[in-house]
Amino acid sequence: MRRIFSGIQPSGNLTLGNYLGAIRNWALLQREKSYECIFCVVDQHAITVPQDPAELRRATREVAAGMIAGGVDPDDCILFNQSYVPEHAMLAWVFNCVARVGWLGRMTQFKEKAGKDRDNATVGLFVYPNLMAADILAYKGTHVPVGDDQKQHLELTRDIAQAFNSMFGVDFFPLPEPQIFGTATRVMSLRDGTKKMSKSDPSDMSRINMTDDADAIAQKIRKAKTDPEPLPSELAGLDERPEARNLVGIYAALADQTPEQVLAEFGGRGFGDFKKAMAEVSVSVLAPIGEEMRRLSNDPATIDAILHKGGERARELASPIVKEVYDIVGFLRP
Ligand code: TYM
Numbered sequence: 005m006r007r008i009f010s011g012i013q014p015s016g017n018l019t020l021g022n023y024l025g026a027i028r029n030w031a032l033l034q035r036e037k038s039y040e041c042i043f044c045v046v047d048q049h050a051i052t053v054p055q056d057p058a059e060l061r062r063a064t065r066e067v068a069a070g071m072i073a074g075g076v077d078p079d080d081c082i083l084f085n086q087s088y089v090p091e092h093a094m095l096a097w098v099f100n101c102v103a104r105v106g107w108l109g110r111m112t113q114f115k116e117k118a119g120k121d122r123d124n125a126t127v128g129l130f131v132y133p134n135l136m137a138a139d140i141l142a143y144k145g146t147h148v149p150v151g152d153d154q155k156q157h158l159e160l161t162r163d164i165a166q167a168f169n170s171m172f173g174v175d176f177f178p179l180p181e182p183q184i185f186g187t188a189t190r191v192m193s194l195r196d197g198t199k200k201m202s203k204s205d206p207s208d209m210s211r212i213n214m215t216d217d218a219d220a221i222a223q224k225i226r227k228a229k230t231d232p233e234p235l236p237s238e239l240a241g242l243d244e245r246p247e248a249r250n251l252v253g254i255y256a257a258l259a260d261q262t263p264e265q266v267l268a269e270f271g272g273r274g275f276g277d278f279k280k281a282m283a284e285v286s287v288s289v290l291a292p293i294g295e296e297m298r299r300l301s302n303d304p305a306t307i308d309a310i311l312h313k314g315g316e317r318a319r320e321l322a323s324p325i326v327k328e329v330y331d332i333v334g335f336l337r338p
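Under the numbering used here, the residues of the sequence shown are numbered 5 to 338, in order.
In structure tokens form, the structure reads like this:
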């Protein structure tokens with residue numbers, strides 16, 4: 005059985021990075037029909053840093069709306085929010101007792117998010133990857149489509165699965181495969197080509213949000229940082245030019261071209277022309293998605309019904325798997 009699990013945190017606006025690195029690929033994989041697909045709004049992950057409760061609920065619905073508007077079909081997959089299914093947290097506790105402090109201490113996302121004041125980071129932020137492993141393995145997920153930034157967490161998921169199997173002498177958990185593909189596996193900030201485009205960046209100009217309208221998209225692209233040289237005609241000419249490389253990568257992904265094709269067309273030309281074309285293709289792809297997101301967000305009852313149904317189906321799958329884990333571990337069921 006091939007089973008996909010993937011998730012997005014409801015923390016801030018969904019970005020072009022989330023769309024190109026994750027949601028768009030999920031929709032493609034789902035249409036292939038060769039996987040059972042489970043997609044999750046991971047609200048329990050979001051509270052590893054402080055969240056406003058009303059805003060968390062709003063963002064949970066908005067992320068679900070973004071997945072659907074971006075092409076995920078809730079009639080043909082399981083779409084739910086993490087906290088509805090207690091099995092994630094139940095399994096995460098077991099993994100807290102499998103994973104080692106040293107493994108978690110090496111996670112670059114923890115180091116970045118905790119910053120210098122590590123003693124003040126929540127314990128949840130530290131054990132975040134154990135919950136992520138539980139998300140996937142509560143369903144014995146075999147494939148995990150994500151952006152490049154999640155690679156290290158998925159390696160840890162495999163380590164946890166393997167450590168559990170060998171600790172208890174069982175062949176219980178699969179080792180899930182990351183699926184990182186497309187020309188935009190790491191979309192960078194529009195203000196700094198060495199930083200990931202992120203929903204939590206304080207500058208809204210650093211990212212294109214999936215809800216941005218045509219004017220906002222065009223303005224952000226016009227103002228995107230570049231360098232003074234014209235675009236090169238060959239890929240090698242993008243080395244050491246992170247902003248140019250990022251914009252070419254985004255254009256290629258949105259126009260369904262290779263970066264080579266983009267450079268064949270725009271090589272030797274200045275950024276003015278290129279940015280105009282980029283704004284056009286961005287608006288043509290993103291504006292309808294943003295519009296559909298806004299429409300769905302105005303209908304919270306429909307989103308809640310979708311998440312409820314998905315949550316019930318998810319529980320049906322996760323419950324027997326986690327029960328079996330508890331038996332393996334030796335928890336008594338009196
Ligand atoms: P999150 O919420 O940060 O991002 C969701 C998905 O979007 C991808 N992504 C990007 N891809 C390309 N360029 C970018 N700039 C960019 N920004 C984000 C991420 O790689 C991800 O695929 N820990 C995860 C959520 C999670 C999860 C899971 C994922 C929790 N449990 C189980 C897979 C399986 C996260 O914080 O993603």
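Cβ atoms here follow ideal geometry from the backbone N, Cα and C, with glycine treated the same way.
All of these numbers come straight from a predicted model, not from anything done at the bench.
- Message: I'd like to check one pair, residue 124 with residue 96: are the Cβ atoms closer than 7 angstroms?
- Response: No; because the gap between Cβ atoms is not below 7 angstroms, this pair is not in contact.
- Assuming residue 148 and residue 182 make a contact with CB atoms under 8 angstroms, what is their CB distance in whole Å? 5 angstroms
- Query: Does the separation of the CB atoms of residue 31 and residue 45 fall below 7 angstroms?
  - Reply: no
- Item | residue 220 to residue 137 span [Cα, whole Å] | 37 angstroms
- Query: Under three-state DSSP, which class holds residue 185?
  - Reply: coil
- Query: Which value, in whole angstroms, describes the spacing of the CA atoms of residue 241 and residue 284?
  - Reply: 24 angstroms
- Message: So, at 6 angstroms on beta carbons, what are the nonlocal neighbours of residue 210 in its own chain, with the 5 sequence-adjacent residues on each side left out?
- Response: 193, 194, 195
- Between residue 22 and the ligand TYM, is the CB less than 6 angstroms from at least one heavy atom? Look at residue 22: its beta carbon is less than 6 angstroms from one of the heavy atoms in the ligand TYM.
- Can you find a heavy atom of the ligand TYM that lies under 6 angstroms from the Cβ of residue 150? Yes; taking the cut-off as 6 angstroms, the Cβ of residue 150 has a heavy atom of the ligand TYM nearer than that.
- Message: Any heavy atom of the ligand TYM inside 6 angstroms of the beta-carbon of residue 122?
- Response: no
- Message: Can you tell me whether residue 51 is helix, strand or coil according to DSSP?
- Response: coil
- Task: Have a look at residue 251 and residue 156 and give me their C-alpha separation to the nearest angstrom.
- Result: Cα to Cα, the separation comes out at about 25 angstroms.
- Item | Spatially closest choice to residue 222 from 273, 291, 235, 206, by CA coordinates | 291
- Query: Do you know how far the Cα of residue 130 is from the Cα of residue 121?
  - Reply: The C-alpha of residue 130 is placed about 13 angstroms away from the C-alpha of residue 121.
- Would you call residue 101 buried or exposed, if buried means 16 or more other Cβ atoms sit within 10 Å of its Cβ? Around the Cβ of residue 101, a 10 Å sphere holds fewer than 16 other Cβ atoms; the residue is exposed.
- Query: Which residue or residues does DSSP assign as beta-bridge partners of residue 11?
  - Reply: 44
- Alpha carbon to alpha carbon, how far is residue 152 from residue 21? 10 angstroms
- For the ligand TYM, is there a heavy atom less than 6 angstroms away from the beta-carbon of residue 253? no
- Message: If distances are taken between C-alpha atoms only, which option among 10, 15, 24, 33 comes closest to residue 188?
- Response: 24
- Message: Within a Cβ cutoff of 6 angstroms, which residues of the same chain sit near residue 268, ignoring the five residues on either side of it in sequence?
- Response: Shown here for residue 268: not one same chain residue has a beta carbon closer than 6 angstroms to its own, the five before and five after excluded.
- Message: the ligand TYM and residue 210: does the residue's C-beta get closer than 6 angstroms to at least one heavy atom of that ligand?
- Response: Flag unset: Cβ of residue 210 not near the ligand TYM.
- Message: I'd like to check one pair, residue 294 with residue 234: are the Cβ atoms closer than 7 angstroms?
- Response: no
- Look at residue 48 and residue 15 and say whether their C-beta atoms are less than 7 angstroms apart. No.
- List the whole-angstrom C-beta distance separating residue 18 from residue 214, where the pair is believed to meet the contact cut-off of C-beta under 8 angstroms. 4 angstroms
- Message: Going by the DSSP bridge assignment, what does residue 147 pair with across the sheet?
- Response: 8, 181
- Where does residue 212 sit, in a helix, a strand or coil, going by DSSP? coil
- Between the CA atoms of residue 146 and residue 26 - distance to the nearest angstrom: Pairing residue 26 with residue 146, the inter-Cα distance amounts to about 16 angstroms.
- Item | Same chain, Cβ closer than 8 angstroms to residue 256, neighbours up to 5 away in sequence not counted | 187, 188, 262, 263, 265, 266
- Item | Same chain, Cβ closer than 6 angstroms to residue 230, five either side skipped, listed in chain order | Within the same chain, residue 230 has close Cβ partners 247, 275.
- DSSP puts residue 200 in a beta bridge; with which residues? 192
- Message: Distance check for residue 154 and residue 170, CA to CA, integer angstroms please.
- Response: Rounded to the nearest angstrom, the two C-alpha atoms are 25 angstroms apart.
- Span of the alpha helix (DSSP H) around residue 290: Boundaries of the alpha helix (DSSP H) harbouring residue 290: 275 to 301, taken from the DSSP string.
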